[in-house]
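Line by line, the protein sequences give chains Z and F. Under this note's numbering, the first sequence has 95 at position 95, and the numbering climbs by one with no breaks. One gets this note's numbering by counting positions in the second sequence from 1 and adding 258 to each. C-beta: ideal position from N, C-alpha, C; glycine also. Encoded as structure tokens, the structure appears first; notes follow it.
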Amino acid sequence: MKIVVAYQWAPDPQEATVGESGTVDFSRAKPAMSDYDATAIEVGRAVASAAGASLVGVTVGGASVAQPVATKAALSRGLDEVVVVSDPAFESAGTLPVATVLAQVVQGLGDVALVIAGDTSIDNGARLLPPVLGALLGWPVLTDVQTLQFDGTAATAARTLPEGVQTLSLTGPAVIAVSADSAKPKAPGMKDVLAAGKKPVTVKSAADVGGAPAPEGVVRSTAKPSGPARKGIKIDTTDPAAAAAELLSALRAAGALS
Amino acid sequence: MNTYVLVADSPAVSELVASAAKLGRPVVAVVVGPESVAKAVAAPGVDKVLWVSEAAGQAAEAFAPAVADLVAADPGVVFAGRKPAERVLLGAVAARLGAPVVAGATAVAAEGGTTVVTHGTYGGIAVATVAYDGPVVLVGDGGGALAGGGTAAIEAVAATPGPISVVSLAPSTVEAVDLAGAARVVSVGRGLKSADDLPLLAGLAKALGAELGCSRPVAESLEWLPKDHYVGISGQHIAPDFYLMVGISGQIQHMGGCRGAKLIVCINTDKDAPVMHQADYVLQGDLYDLVPAITAAV
């Protein structure tokens with residue numbers, strides 16, 4: 001039995017620079033694994049060990065996902081092996097093409113009981129990859145899961161909704177997106193990093209998974225995000241009481257405070 | 259061709275219905291939930307309701323394949339909110355239609371079979387206007403309750419649930435907040451040294467008549483406040499009259515959730531924090547000095 005963790009190795013948009021016309025430049029942003037995915041691996045490790053399953057990491061992305069620094073970073077967190085689909089064609093690919101390739105890899109692995117993913121991607125934030133992946137596989141999907149138990153066939157999951165703490169049961173195979181507070185990922189130690197170098201890595205190209213994805217749309221224009229222009233008025237804080245008075249009078253003048 | 263709004267358990271979909279109506283096609287709401295939700299959604303702006311009845315103990319997610327079937331019978335542009343079950347229904351439709359997934363759309367238009375969408379890219383750091391060949395699925399702010407007095411027909415649809423069920427719903431020990439509807443919000447970030455200092459911020463929020471929010475790490479990594487308190491792209495999207503950010507650096511993931519605020523004030527020790535360039539009033543200094551001073555002065 002296998003449990004899969006779908007993870008992402010991508011540059012953080014926080015490190016990207018955005019030009020005046022809305023062009024995004026990632027050349028100075030270093031790709032990495034986000035905390036969401038580190039959390040998903042931590043949950044996956046605990047669930048796989050309890051169920052006696054092997055834990056397989058799967059990712060889809062550009063050239064960087066197959067580099068040793070990327071695969072070692074993933075493996076050192078407790079995965080038993082990784083399958084990476086690496087092709088420039090998948091750089092910045094959308095939710096549907098990425099989910100389509102992930103579904104194909106999961107089906108190819110065989111005997112997968114559960115796919116676990118992080119709560120959100122670092123670069124897109126739509127939080128729809130697990131739902132699309134589950135639908136492509138024909139498996140039930142639950143998101144925002146904070147605690148997860150799995151006995152090999154049935155899973156129990158709990159999450160906090162505005163209505164209260166909801167506990168659900170489902171029978172596998174299934175796709176589960178776990179929330180950022182579902183585990184506290186440990187930083188890998190030297191032993192983990194050394195062991196990671198010896199674990200199996202399978203690299204596939206776009207050609208191995210049905211070819212490069214067609215572009216999802218034609219970009220007509222780009223721009224910087226708009227919103228109210230900010231005034232950027234600096235208030236001297238040398239004297240906190242004077243700063244407080246100045247701020248409050250400014251807020252009252254603006255009608256934000258009565 | 260219809261435009262669809264997916265509804266799971268909650269009829270708070272006014273923003274989605276308003277966006278769907280702009281495409282100028284019949285608006286069909288696909289509702290998974292009790293009959294009361296289907297009735298609440300049969301509101302002005304909605305032309306028809308397809309209702310999948312959910313019995314007690316069933317989860318809306320269990321009906322995702324059924325919802326995908328309903329939309330696939332006559333595909334069109336599909337809207338849904340960000341709640342967990344709403345996203346699962348929308349994902350099932352995207353997979354069935356082979357439709358691109360779009361988040362953070364600010365404008366949607368139909369040009370024949372082409373759907374033109376203006377939306378944020380990479381979590382909202384930039385904006386693009388993109389022409390998609392065929393329907394897309396859009397995830398966005400649900401909005402509030404719909405107005406009453408609608409005449410849309412409700413058509414009950416039989417569906418078999420998938421293998422997910424609700425075992426229990428225990429009352430949460432934490433109080434729910436309505437950040438999205440608040441006129442004033444004070445949020446706290448990792449600049450706060452300890453959870454023991456939260457009363458400092460709660461006191462400020464109370465004095466200002468504001469709701470207390472936070473950044474994502476405060477809710478999810480530190481767990482100092484409940485998850486529904488955090489503002490950001492994946493959390494609460496707020497547009498208050500006045501937003502005070504205390505000890506929050508102002509990364510795009512956070513700013514994406516508060517870009518619509520009329521007035522932003524920040525308190526931060528770091529002169530290089532991104533928020534310093536994204537606020538109307540900037541107080542560079544120690545929150546432990548400034549927060550008590552402001553609370554005392556109100």
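For the region 14-36 of chain Z, which residues have a beta carbon sitting closer than 7 angstroms to at least one beta carbon of chain F?
-> Gln14, Ala16, Val18, Gly22, Val24
inquiry  = Suppose you measure from the CA of F:Gly515 to the CA of Z:Thr59; what does that come to, to the nearest Å?
reply    = 28 angstroms
Under a Cβ-count criterion, where at least 16 other Cβ atoms within 10 Å of its own Cβ denotes burial, should F:His557 be classed as buried or exposed? Shown here, chain F extends from 259 to 556; a query on residue 557 of chain F therefore has no answer.
Query raised in the report: Among residues of its own chain, excluding the 5 on either side of F:Ile422, which ones have a beta-carbon nearer than 6 angstroms to its beta-carbon?
Result: Same-chain partners within the cutoff: Ala317, Glu319, Ala320.
Could you check the C-alpha separation between F:Gly362 and Z:Ala126 for me, to the nearest Å? 8 angstroms
- Query: Per DSSP, what kind of secondary structure is F:His495 in: helix, strand or coil?
  - Reply: coil
Quiz item: Residues of chain F with a CB under 7 angstroms from the CB of Z:Ala254: which are they?
Solution: Within chain F, the residues near Z:Ala254 are Leu521.
Quiz item: Tell me the DSSP bridge mates of F:Asn526?
Solution: F:Gln542
CA-to-CA distance, Z:Asp144 to Z:Ser34, given in whole angstroms: 16 angstroms
| field | Segment limits, beta strand (DSSP E) that includes Z:Arg220 | value | 218-223
Cβ separation of F:Val285 and F:Val304, assumed to be a contact under 8 angstroms, to the nearest whole Å
5 angstroms
| request: Mind checking who F:Glu469 pairs with in its DSSP beta bridge? | output: Looking at the DSSP assignment, F:Glu469 forms a beta bridge with F:Val443.
Determine the chain Z residues that contact F:Gln509 at a beta-carbon separation under 8 angstroms, and present them in chain order. Gln14
Fill in: Extent of the continuous alpha helix (DSSP H) to which Z:Val293 belongs
The structure shown does not extend to residue 293 of chain Z, since chain Z spans only 1 to 258, so no value can be given for it.
Problem set entry | Candidates Z:Ser21, Z:Thr71, Z:Gly52, Z:Gly61, of which the one nearest Z:Glu193 by Cα | Inspection of the sequence shows that residue 193 of chain Z is occupied by Val rather than by Glu. Nearest C-alpha to Z:Val193: Z:Thr71.
Residues near F:Val395 by beta carbon distance below 6 angstroms, same chain, minus five either side
Val336, Leu348, Val351, Ala352, Ala357, Val359
Requested in this report: Would you give the residue range spanned by the alpha helix (DSSP H) that F:Asp327 belongs to?
Outcome: 322-330
| For F:His512, the first and last residue of its enclosing alpha helix (DSSP H) | 510-513
Worksheet item: Enumerated in chain order, which unbroken segments of the beta strand (DSSP E) with a length of 3 residues or greater are wholly contained in the region 34-78 of chain Z?
Response: 54-61
(Q) Pairs of beta-carbons, one from the region 171-186 of chain Z and one from the region 52-68 of chain Z, closer than 8 angstroms: are there three or more? (A) no
Where does Z:Val84 land, buried or exposed, given buried means 16+ other C-beta within 10 angstroms?
Flag for Z:Val84 reads buried.
Requested in this report: Anything in chain Z within Cβ reach of F:Arg354, meaning under 8 angstroms, just list it in chain order.
Outcome: Ala135
Measuring straight from C-alpha to C-alpha, what distance separates F:Glu469 and F:Ala477? 15 angstroms
- Task: Go to F:Val580, then tell me how far its alpha helix (DSSP H) extends in each direction, as first and last residue.
- Result: Because chain F here runs from 259 to 556, residue 580 of chain F falls outside it and cannot be looked at.
Practice task
Taking all protein chains shown into account, decide if F:Met503 is buried (16 or more other Cβ within 10 angstroms of its Cβ) or exposed.
Solution key: Result: buried.
Where do the N-terminal and C-terminal ends of the alpha helix (DSSP H) with F:Val351 fall, by residue? Its alpha helix (DSSP H) spans residues 342-355.
Please report the straight-line C-alpha distance between F:Ala531 and F:Ala314, rounded to a whole angstrom. 49 angstroms
Exposure label - F:Glu369; buried when at least 16 CB within 10 Å: exposed
**Request:** Tell me whether the beta-carbon of Z:Lys224 lies closer than 8 angstroms to the beta-carbon of F:Ala497.
**Result:** Taking the C-beta atoms as reference points, F:Ala497 is found no nearer than 8 angstroms to Z:Lys224.
Between which two residues does the beta strand (DSSP E) harbouring F:Met503 extend? 500-504
Checklist entry - Can you find a CB in chain Z that lies within less than 8 angstroms of the CB of F:Gly382? => result yes
**Q.** Sequence-distant residues of the same chain with beta carbon closer than 7 angstroms to F:Ala278, five excluded per side
**A.** Thr261, Val263, Val285, Phe337
>> Just to confirm the assignment, what range does the alpha helix (DSSP H) spanning Z:Gln149 have?
In response: Unbroken run through Z:Gln149 is the beta strand (DSSP E), 147-150; no alpha helix (DSSP H).
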